Amino acid sequence: MKRFGLASAALLAACLLSGASHAAGAIKVGVVMPYSGQFADLAKQMDNGIKIYMQQHGDKVADKTIEIIRKDVGGIDPPTAKRLAQELVVRDQVDILAGWLLTPNAIAGCSVSAEAKKFMVIMNAATSIITDKSPYCTRTSFTLPMITMALGQWAAKQGIKNDYTMTADYAPGHDAEEGFIDGFKEAGGEIVGSVRMAVKNPDFSAYVQRAKDLNPQSIFVFIPGGSQPAAFGKALAERGMSAQAIKVLGTQELADDAAIKSMGNDAVGIITAGNYNYNYDSAMNKEFVAAYRSISGDENPDFGAVGGYDGMHLIYTALRKTDGKTDAQELIAAAKGMKWESPRGPMMIDPTTRDVVQTIYISKVEDRGGKHLNAVIDSIPDVHDPVHAGQMK
Amino acid sequence: MPVTAQMGLEPVGYLKAQTRWGAAETLFWLATPLPFYFLPAYLQLASQIAITALFALSLDLIVGYAGIVSLGHAAFFGTGAYAAGLFSKFVWGEPLTGLIVGAMVSSLVGYATSFIIARFRHLALIMLTLGFGLLLGAAANSASWLTGGSDGLQGVNIWPLLGRFNWDVYGYTAYGYSLVVLFVLFLFARRLIHSPFGLALRGIRENFLRMPAIGAPSRAHIRTAYTISAAMAGVAGALIAQTTQTVALDSLGFERSAEILIMVVLGGAGRLYGGLIGALVFMIARDQFSGIEPEHWYFWIGVLLVAVVVFLPNGILGGLSRFVAHWRAK
Chain A
1124 MKRFGLASAA
1134 LLAACLLSGA
1144 SHAAGAIKVG
1154 VVMPYSGQFA
1164 DLAKQMDNGI
1174 KIYMQQHGDK
1184 VADKTIEIIR
1194 KDVGGIDPPT
1204 AKRLAQELVV
1214 RDQVDILAGW
1224 LLTPNAIAGC
1234 SVSAEAKKFM
1244 VIMNAATSII
1254 TDKSPYCTRT
1264 SFTLPMITMA
1274 LGQWAAKQGI
1284 KNDYTMTADY
1294 APGHDAEEGF
1304 IDGFKEAGGE
1314 IVGSVRMAVK
1324 NPDFSAYVQR
1334 AKDLNPQSIF
1344 VFIPGGSQPA
1354 AFGKALAERG
1364 MSAQAIKVLG
1374 TQELADDAAI
1384 KSMGNDAVGI
1394 ITAGNYNYNY
1404 DSAMNKEFVA
1414 AYRSISGDEN
1424 PDFGAVGGYD
1434 GMHLIYTALR
1444 KTDGKTDAQE
1454 LIAAAKGMKW
1464 ESPRGPMMID
1474 PTTRDVVQTI
1484 YISKVEDRGG
1494 KHLNAVIDSI
1504 PDVHDPVHAG
1514 QMK
Chain B
502 MPVTAQMGLE
512 PVGYLKAQTR
522 WGAAETLFWL
532 ATPLPFYFLP
542 AYLQLASQIA
552 ITALFALSLD
562 LIVGYAGIVS
572 LGHAAFFGTG
582 AYAAGLFSKF
592 VWGEPLTGLI
602 VGAMVSSLVG
612 YATSFIIARF
622 RHLALIMLTL
632 GFGLLLGAAA
642 NSASWLTGGS
652 DGLQGVNIWP
662 LLGRFNWDVY
672 GYTAYGYSLV
682 VLFVLFLFAR
692 RLIHSPFGLA
702 LRGIRENFLR
712 MPAIGAPSRA
722 HIRTAYTISA
732 AMAGVAGALI
742 AQTTQTVALD
752 SLGFERSAEI
762 LIMVVLGGAG
772 RLYGGLIGAL
782 VFMIARDQFS
792 GIEPEHWYFW
802 IGVLLVAVVV
812 FLPNGILGGL
822 SRFVAHWRAK
């Protein structure tokens, strides 16, 4: 009991110190993301989302100024992520932890959120279990099984009878594979085979040949973004399996702007599922895309940008409800069940799991007079995380 | 002219003179508890600096003293981290035994690979250690049922230190623990360097073929040094796993291997304190630069590295000792 006393004394001290910062009329939000290194592009998307929200809505909530403190974690590095979160709490005395692009870092951050009782908003990291690690943690991005399971169900309902899955052999790939297979089988489809491909520098031709030999109606693909989609598209085309000849199903990364550009004509016909498509037709999204293009030098927003944007919306709205109080218990209570209209469409926070609930969009890359456009062709409303909803495992 | 003759001392006298504690050394260690009193908000950083310093010290033993250039030393750091993490998950969470387990597993891996390491020199070693590090990283990724793969190891649960000290948010326990372990292993490394074995290692670094002729078996010595270094790196890895209660694939990664080599070179290889100073300067610079410019701080780290290598070719400590010698000569 003695050490418990010591720990609570330290926490009390931390609370008193953070109380001092409240008096100044500022609410500090600590954002931990890999601003440098190989994930910097996505971090930039998220950061731009945060910036746009603050441009549109000002930096004042309940008479207090929102101050963002940014910390670079550099990559997948949970010890550093945890230290940065701890330092944000004790050194910068932040009230809210936000950002979190990568799962291992987010889990490390959650332990700090739970220990120091800080409200935490995950704006990207997509593994289901993260939000279970702290009772003050919520998410405005998506979970991978949420997307791939919806895609699996949709594909089977479209009349696709058999599918071959090709996923990168690492934890997100395993999640994606499992979600798709569960959804596809549940809706009556049959999986003719699955392959897990090397994460780094894979040579896709052998894998594609194996898929071709099995002659499925569709293939489901999950690979990391960056240089791999182009290499994959090329391998498909070389073996006469382009997305025009066979249904190629994937997650939104497979048809983002960079992937479509690098794949060229091989991209046409690729079907992807995701929680955001910048071609989504709504007035709010048009305004968001315009704002994004103006601050990013004509780049289009992706799921990272809406994750950051809606994360800020959640923080602003929750603070308004608590009248500027930053107590983690009150903030998470305010966040539970919150519903709003986002550039991505309608979304809400599940009151029991604290995870995001949203529409999943099915998109298809189309050739419109030489220009490639990833058009929304279908949508599945109110999708919950299947792991949290008990539909998986 | 041999060093001992230069100093006008017998070999035993030379070694004794080397082991004497200087004023700067004493001051350095007396200053290490200061963060407890003056910078409590920086204790987590201090703890990770101490752990990185221990890791750098372990690398300096083989790079600076035995002349084995390694680009895969994180293999042992990561092995220690995973060993300690898994031990706490499946056996029990007592930290000190976890530390010993980390050291033992790492030294076993180190001993096994030392047989290959001892057969090669120079560039071949860089390739070997690099390849070995990549192998282990790939193995840890594919064994995701055990290691959690790229999601990181879940379920690391470390009990309070000595059953009394909780792992607090400020990092009092983390820094105290890391500092004591660093100091104890530093004393060990210091003793090792100033022993006849340490002298033999330096001899091997200078001339690998000649040492056996004077009765020092080069390969056996390299195997011993490599195993000891692996064990120390394993302790450093176990420390980071325990103080942060997280382990991820990056702890085995190439970037970590490269970074630690940079720190040793930055501080000054083969100088005992080189790794310590390198880790201190590098980590503080990174903390400060990345706070100011989260997106482009690597640029300034690059500038710092180029400046140090151009103006202080033997690292910070090499430059300092040249400066002191110059000043004394006046």
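Keeping their order, the protein sequence lines are chains A and B.
Count the first sequence with the numbering used here and you get residues 1124 to 1516, in order.
Count the second sequence with the numbering used here and you get residues 502 to 831, in order.
Ideal Cβ positions, reconstructed from N, Cα and C, are used throughout, including at glycine.
In this text, all values refer to a predicted model and were calculated from it rather than measured experimentally.
Compare the Cα-Cα distances from ALA1519/A to each of ILE1394/A, ILE1253/A, GLY1222/A and ALA1353/A and report the closest residue.
-> With chain A represented from 1124 up to 1516, any question about residue 1519/A goes unanswered, as that position is not in the structure.
If you check the beta carbons only, do PHE1411/A and PRO1466/A fall under 7 Å apart? The count along the first sequence starts at 1 and reaches residue 1411/A at position 288. The count along the first sequence starts at 1 and reaches residue 1466/A at position 343. PHE1411/A is a Cβ neighbour of PRO1466/A, given a cutoff of 7 Å.
Does SER758/B come out as helix, strand or coil in the three-state DSSP assignment? As a first step, residue 758/B must be located in the second sequence, where it is residue number 257. Helix at SER758/B.
Beta strand (DSSP E) segment containing LYS1487/A, residue limits: Taking the first residue of the first sequence as position 1, residue 1487/A is located at position 364. 1479 to 1491 is the span of the beta strand (DSSP E), which, as asked, contains LYS1487/A.
Item checked: Proximity winner among VAL1212/A, LYS1187/A, PRO1202/A and HIS1180/A, relative to ARG1193/A (alpha-carbon distances) -> Working through the first sequence from its first residue, we reach residue 1193/A at position 70. Per the Cα distances, VAL1212/A.
Considering only their Cβ atoms, is the gap separating ALA582/B from GLY599/B smaller than 7 Å?
Here residue 599/B corresponds to residue number 98 of the second sequence, with the count starting at 1. Here residue 582/B corresponds to residue number 81 of the second sequence, with the count starting at 1. The answer is no: Cβ separation not under 7 Å.
* Based on the DSSP secondary-structure assignment, which residues constitute the bridge partners of GLY716/B? -> Locating residue 716/B in the second sequence gives position 215, counting from the first residue. None; GLY716/B has no bridge partner.
- Message: Against chain A, does SER651/B count as a neighbour if the rule is that its beta carbon must be under 7 Å from one of theirs?
- Response: Counting from 1 along the second sequence, the entry for residue 651/B is found at position 150. Answer yes: the Cβ-Cβ gap between SER651/B and chain A drops below 7 Å somewhere.
Quick check: the Cα distance between PRO1424/A and GLY1232/A, rounded to an integer number of angstroms? Stepping through the first sequence from its first residue, residue 1424/A is reached at position 301. Stepping through the first sequence from its first residue, residue 1232/A is reached at position 109. Note on geometry: alpha-carbon atoms of PRO1424/A and GLY1232/A lie some 26 Å from one another.
I want to see whether chain A comes within less than 7 Å of ILE563/B, judged by CB atoms only; does it? For the purposes of this step, residue 563/B is taken as residue 62 along the second sequence, with counting starting at 1. For ILE563/B, the answer is no, since every Cβ of chain A falls outside 7 Å of its Cβ.
If we define contact as Cβ-Cβ less than 7 Å, is TYR745/B a contact residue for chain A? Within the second sequence, residue 745/B is the residue found at index 244, counting from 1. Reading off the sequence shown, one finds Thr at residue 745/B, where the question assumed Tyr. Taking Cβ atoms only, chain A reaches closer than 7 Å to THR745/B, which makes this a yes.
Other residues of its chain near GLU595/B: CB distance less than 7 Å, five sequence neighbours each side excluded: For the purposes of this step, residue 595/B is taken as residue 94 along the second sequence, with counting starting at 1. Answer for GLU595/B: TRP660, listed in chain order.
Against chain B: residues of the segment 1194 to 1219 of chain A by CB proximity under 7 Å: LYS1194, ASP1195, GLY1198, ILE1199, ASP1200, PRO1201, PRO1202, LYS1205, ARG1206, GLN1209, GLU1210, VAL1212, VAL1213 and ARG1214
Three-state class that DSSP yields for TYR1293/A in the structure shown: Locating residue 1293/A in the first sequence gives position 170, counting from the first residue. Three-state result, TYR1293/A: coil.
How big is the Cα-Cα spacing for VAL1244/A and VAL1217/A?
The count along the first sequence starts at 1 and reaches residue 1244/A at position 121. The count along the first sequence starts at 1 and reaches residue 1217/A at position 94. Taking the straight line joining both Cα atoms gives about 13 Å.
ask   = So, is ILE778/B buried or exposed, given that buried needs 16 or more other C-beta atoms within 10 angstroms?
value = Counted from its first residue, the second sequence places residue 778/B at position 277. Answer is buried; the Cβ neighbour count reaches 16.
* Asked: Relative to chain B, which residues along the segment 1285 to 1304 of chain A have a C-beta separation below 8 Å, given in chain order?
  -> ASP1292, TYR1293, ALA1294, PRO1295 and HIS1297
Open item on the list: Tell me which residue opens and which closes the alpha helix (DSSP H) that ALA1390/A is part of.
Closed with: One-based indexing of the first sequence puts residue 1390/A at position 267. First-last for ALA1390/A: undefined, no H or E at that position.
(Q) Could you give the first and the last residue of the continuous alpha helix (DSSP H) run that contains ASN1228/A? (A) As a working note, residue 1228/A is residue 105 in the first sequence. 1226 to 1239 is the extent of the alpha helix (DSSP H) around ASN1228/A.
**Asked** To the nearest whole angstrom, what separates the beta carbons of ASP751/B and ALA1294/A, a pair I think is in contact under 8 Å?
**Response** In the second sequence, the residue the question calls residue 751/B occupies position 250. In the first sequence, the residue the question calls residue 1294/A occupies position 171. Actually they do not touch by this definition, with Cβ atoms about 14 Å apart.
Q | Collapsed DSSP secondary structure at MET1320/A in the structure displayed | A | Counting from 1 along the first sequence, the entry for residue 1320/A is found at position 197. Correct three-state label for MET1320/A: strand.
**Contact set between ILE741/B and chain A, taken where Cβ atoms lie within less than 7 Å** = For this step, residue 741/B is matched to residue 240 along the second sequence. What ILE741/B touches in chain A: PRO1202.
Who are the neighbours of PRO512/B on chain A, taking C-beta pairs under 7 Å?
-> In the second sequence, residue 512/B corresponds to position 11, counting from 1. Residues of chain A passing the Cβ test: none, with the nearest at roughly 44 Å.
(message) So GLY769/B and ILE817/B are supposed to be a Cβ contact under 8 Å. How far apart are they, rounded?
(response) The residue you call residue 769/B lines up with position 268 of the second sequence. The residue you call residue 817/B lines up with position 316 of the second sequence. That belief holds up - the Cβ atoms of GLY769/B and ILE817/B are roughly 6 Å apart, short of 8 Å.
- the segment 1227 to 1254 of chain A: positions lying closer than 8 Å to chain B by Cβ: PRO1227, ILE1230, ALA1231, SER1234, VAL1235, GLU1238, ALA1239, THR1250 and ILE1252
Please report the distance separating the alpha-carbon of GLY1142/A from that of ASP1450/A. As a first step, residue 1142/A must be located in the first sequence, where it is residue number 19. As a first step, residue 1450/A must be located in the first sequence, where it is residue number 327. With a pLDDT of 42 at GLY1142/A, under the threshold of 50, the modelled position of that residue is not reliable, and the figure given next carries that caveat. Cα-Cα distance, rounded: 11 Å.
Check: If you count every other CB in all the chains shown that lies within 10 Å of the CB of ASN815/B, and 16 or more means buried, which is it?
Finding: Translated into positions along the second sequence, residue 815/B becomes position 314. Buried, by the Cβ-count rule.
Is there a Cβ of chain A sitting closer than 7 Å to that of SER791/B, yes or no?
Within the second sequence, the letter at position 290 stands for residue 791/B. It does; some Cβ of chain A falls within 7 Å.
* To do: Note down, in chain order, every chain B residue with its Cβ under 8 Å from the Cβ of ALA1163/A.
  => One-based indexing of the first sequence puts residue 1163/A at position 40. By Cβ distance, chain B contributes GLU796.
Exercise for review: Under 7 Å between beta-carbons, which chain B residues line up against TYR1158/A? List them in chain order, please.
Suggested key: To locate residue 1158/A, count along the first sequence from 1; it is residue 35. Those within 7 Å of TYR1158/A in chain B are PRO795 and GLU796.
Contact the segment 1309 to 1316 of chain A vs the segment 1277 to 1291 of chain A: 3+ CB pairs below 8 Å:
yes
- Query: DSSP state of PHE1307/A, grouped into three classes?
  - Reply: By one-based count along the first sequence, residue 1307/A stands at place 184. Helix.
State buried or exposed for ALA658/B, treating a residue as buried only when at least 16 other CB atoms are found within 10 Å of its CB. The residue given as residue 658/B occupies position 157 in the second sequence. As written in the sequence, residue 658/B is Asn, which differs from the Ala given in the question. Exposed.
Using a Cβ-Cβ distance under 7 Å, would TYR799/B count as near chain A?
Residue mapping note: residue 799/B aligns to position 298 of the second sequence, counting from 1. Yes, contact with chain A.
Original post:
Going along chain A, which residues have a C-beta under 8 Å from GLU519/B?
Top reply: What you label residue 519/B is simply residue 18 of the second sequence in a count that begins at 1. One point to set straight first is that residue 519/B is Gln, not Glu, in the sequence displayed. Within 8 Å Cβ-Cβ: nothing; GLN519/B doesn't reach chain A, min ~35 Å.
- Within the segment 1446 to 1473 of chain A, note down every full alpha helix (DSSP H) run reaching 4 residues or more, in order along the chain. 1451 to 1458
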